Amino acid sequence: MSRKAIAIVFACIAVLAVVLAVMPRFWMGGSDGISGHGWAAYIIGAVLTVGLSGGLFFLTFYSARSGHDDLDRPDDPSV
């Protein structure tokens with residue numbers, strides 16, 4: 043993994059941490075707040091969403107670079 047990719051991963055994790063730290067100030071709708079199970083579900087959902095989107099982007103770029111997206115054209119121009 044390149045240094046640029048590692049820096050991007052750490053930047054995304056830092057942004058996620060800041061959002062999770064600031065989010066309760068903007069989301070004070072209920073009087074009880076969020077339980078520990080709610081926070082766990084929220085964090086797991088965020089991590090899985092980011093992981094899924096990253097994996098799909100990886101597969102898209104891998105497919106494009108490996109030639110799987112190229113059109114198969116016949117060599118004979120008369121066809």
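Sequential numbering from 43 applies to the sequence shown in this note's numbering. Glycine is no exception: its CB is placed at the ideal position from the N, C-alpha and C atoms. Every value quoted in this text rests on a predicted model; they were computed, and no experiment measured them.
Quiz prompt | Under the three-state DSSP convention, the category I76 falls into | solution = By one-based count along the sequence shown, residue 76 stands at place 34. Correct three-state label for I76: coil.
Exercise. Report the residue from I85, L94, G96, S95 whose alpha carbon sits nearest the alpha carbon of V61.
Key: As a first step, residue 61 is located in the sequence shown; it is residue number 19 there, counting from the start. Nearest C-alpha to V61: I85.
Quiz item: Is DSSP giving L90 helix, strand or coil here?
Solution: Position 48 of the sequence shown, counted from the start, is the residue given in the question as residue 90. Of the three classes helix, strand and coil, the one that applies to L90 here is helix, per DSSP.
Quiz item: Roughly how many angstroms separate the alpha carbons of A82 and A88, rounded to a whole number?
Solution: Looking up residue 82 in the sequence shown gives position 40. Looking up residue 88 in the sequence shown gives position 46. Approximately 10 angstroms between the Cα atoms of the pair.
Quiz prompt | Short Cβ contact (8 angstroms threshold) for D112 with S105 | solution = On the sequence shown, position 70 is the one that residue 112 refers to. On the sequence shown, position 63 is the one that residue 105 refers to. No.
Quiz item: In the structure shown, what three-state DSSP assignment does S105 receive?
Solution: Reading the sequence shown from its first residue, position 63 is the one you call residue 105. In the structure shown, S105 sits in a helix (DSSP, three-state: H, G or I).
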